[in-house]
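Written out below as structure tokens is the structure these notes cover.
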Amino acid sequence: MISEKDKSQISSRGSNLEKVKKQIEDFKKGFPYLKIEKAASVGDGIIQLNTTQKEEAISFY
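Numbering (full-length UniProt numbering), first residue to last: 1 to 61.
Spelled out as structure tokens, the structure:
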């Protein structure tokens, strides 16, 4: 399931292969529903990016 290229990328990011495998299994199994307390807003669950941060995020896509 995880190719050698994937393993190399995981390692280069400083991530742990076993943790990544666990995360994949968690997504396959699904997650329990959460009780939502309130809507998120900027400063309370949402981070507002400055121009530099926006450009950096956009560069990933």
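In this text, a Cβ means the ideal position worked out from N, Cα and C, and glycines have one as well.
query	result
Write down every uninterrupted run of the alpha helix (DSSP H) in the UniProt domain "DUF4301" (4-61) whose length is 4 residues or greater and which is fully enclosed by it, in chain order.	4-12, 17-29 and 51-59
Can you tell me the Cβ-Cβ gap for I10 and L17, rounded? I've got them flagged as a contact below 8 Å.	6 Å
Measure the C-alpha to C-alpha separation of G14 and N50 and round it to an integer number of angstroms.	26 Å
Can we count E56 as close to the ligand MN, meaning its CB is less than 6 Å from some heavy atom?	The ligand MN is absent from the structure shown, which contains no ligand whatsoever.
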